[in-house]
Amino acid sequence: MKVHPFFHIETGSLTYVVSDSGLAVIIDPVLDYKDGEILSTHIDEVLDFIKKKSLKLRYILDTHIHADHLSATDYVKKKMGGKTVMSKGIHHVFSYWKDKFGLEKLAKFDFLVGDNSRLHFGTKVIEVMETPGHTPACVTYRIDDCIFVGDTLFAPDRGTSRVDFPGGSAETLYQSIMKIYALPDNTNVYLCHDYPPIGISPTSCTPLEWQKKRNVMLNNQVSKDEYVMMRSGRDKVLNEPRLLNIAVPYNLTFKLPT
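Quick note: the sequence shown uses UniProt numbering, first residue 1, plus one each step.
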């Protein structure tokens with residue numbers, strides 16, 4: 001099995017192509033968005049990689065409903081096929097946002113997954129762990145000793161995801177991270193975001209042992225109460241994601257808001 005990261009500089013987002021036995025899955029694909037127009041420059045590079053490697057796309061997986069970029073899931077399915085996968089918690093996310101954005105109908109996904117869902121892929125099995133807290137629809141995908149955690153964890157020097165979106169909860173996120181921390185120390189943690197200085201490569205993967213020992217917000221020395229206080233205090237001073245009012249409705253419906 002091979003894991004290939006693709007970094008979207010404009011939003012600090014990481015997309016992954018995981019390949020095995022001639023098959024591929026894409027995790028958290030990203031569309032470009034500028035001046036009200038959707039572009040596919042970045043995701044087309046990902047799809048070109050898959051074509052050059054002569055891989056057949058099996059699944060397109062989202063770890064959650066993103067608030068800072070537009071998901072390319074629908075674009076990829078129409079362009080290259082593959083089954084779309086999302087947490088069954090998306091129904092809760094839709095209920096929180098539908099009135100704010102005047103949304104009428106949730107987009108369709110081929111598979112809605114939760115704890116213990118399993119997707120077969122080449123010689124591998126993709127196991128699903130529900131890891132809510134950032135949103136009610138956050139999941140972690142586990143393939144062998146690799147996990148794809150979405151926004152749940154960032155690089156150890158950046159901490160964890162925010163919990164101030166509708167349905168978010170610091171207490172719930174703490175429990176989700178504890179579930180992740182129960183995995184073996186040598187587990188490879190693939191991140192969804194990094195924000196390096198210009199000219200510096202992003203951190204896409206860290207050993208789980210590093211997270212447990214070094215994560216600045218939640219490591220082995222931090223109690224639940226300490227984490228909740230720290231996370232809640234941090235969220236009070238965070239700005240709203242720049243594309244939230246575009247990304248959330250689009251990612252729930254695959255249509256730009258009018």
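All C-beta atoms, glycine included, are put in the ideal place defined by N, C-alpha and C.
All values reported here derive from a predicted model rather than from experimental measurement.
Across the set Y96, G89, Y250, F94, the C-alpha of G89 shows the shortest separation from the C-alpha of D115. Within the same chain, G12, S13, L14, D151, F154 come within 7 Å of H193 by CB-CB distance, once the 5 residues on both sides are set aside. The closest CA to that of V139, considering only S87, H120, T206, V163, is found on S87.
Unbroken beta strand (DSSP E) stretches of 3 residues or longer found wholly inside the segment 193-254: 205-207, given in chain order. No Cβ-Cβ contact shorter than 8 Å links I9 with V17. Taking R231 as reference, the option from T63, L218, Q175 with the minimal CA-CA separation is L218. Following the DSSP letters along the chain, one finds L23 inside the beta strand (DSSP E) bounded by residues 23-27. With fewer than 16 other CB atoms across the displayed protein chains lying within 10 angstroms of its CB, D185 is exposed. Taking the Cβ atoms as the reference, S176 lies roughly 6 Å from P132, within the contact range of under 8 Å. Sequence-distant Cβ neighbours of K105 in its own chain, meaning closer than 7 Å and more than five residues away, are T253. Contact between the segment 239-257 and the segment 196-205 is absent: fewer than three C-beta pairs spanning the two stretches fall below 8 Å. Taking C-beta atoms under 8 Å as the contact rule, I180 and V149 qualify, at a distance of about 7 Å. By the neighbour-count criterion, in which 16 or more other beta carbons inside 10 Å mark a residue as buried, S21 falls on the exposed side.
Cβ-Cβ distances below 8 Å link Y250 to L70, S71, L256, P257 in the same chain, with the five nearest sequence neighbours on each side left out; the list follows chain order.
When rounded, the separation of the alpha-carbon atoms in V113 and G82 is 16 Å.
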